[in-house]
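Just below is one structure, and these are the notes that go with it.
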Amino acid sequence: MNNSDYNKAENAVERTENSLKNAADNTKWKVEDLADRAKDYINEKRANDQEASQEDWFDKVKNNASDAWDNIKDKANDAWEKTKDAAEDVKAEWNKKTN
Numbered sequence: 001m002n003n004s005d006y007n008k009a010e011n012a013v014e015r016t017e018n019s020l021k022n023a024a025d026n027t028k029w030k031v032e033d034l035a036d037r038a039k040d041y042i043n044e045k046r047a048n049d050q051e052a053s054q055e056d057w058f059d060k061v062k063n064n065a066s067d068a069w070d071n072i073k074d075k076a077n078d079a080w081e082k083t084k085d086a087a088e089d090v091k092a093e094w095n096k097k098t099n
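Oh and the sequence shown: position 53 is 53 in UniProt numbering, straight run, nothing missing.
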């Protein structure tokens, strides 16, 4: 087995890692933004003569976190499949060269 086979597997792992990092970095609401979004929520309710509630706010945050989790899960699944495929390719190449 030559270095290019190992490099392909290593590159697949690096792409997987980068994909997961990007998914985590690109979630809709980052923790730092929650305070600002809470203020916006309260101001929006006030502007519409409605009462802001913690329960309603938590529902909004929970729904967003659920969407973010689904996005991360999809990216993680794609990364898993690509890495698994690359590993199987390397294994097949190894078997061809050793048989």
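From the three backbone atoms N, C-alpha and C, an ideal C-beta is built for every residue, glycine too.
Please read these numbers as outputs of a predicted model, since none were measured by experiment.
Annotation for K82: the continuous alpha helix (DSSP H) segment containing it runs Q54 to T98. N43: member of the alpha helix (DSSP H) spanning L34 to A47, first to last residue. Look at K21 here: in three-state DSSP terms it is helix. Cβ atoms of T16 and A79 come within 8 Å of each other, at about 4 Å. With contacts defined by Cβ atoms closer than 8 Å, A52 and K45 form a contacting pair. Taken through DSSP and simplified to helix, strand or coil, E51 comes out as coil. Looking at the backbone, the Cα of D59 and that of R37 are separated by about 13 Å.
With fewer than 16 other beta carbons inside 10 angstroms of its own, A47 counts as exposed.
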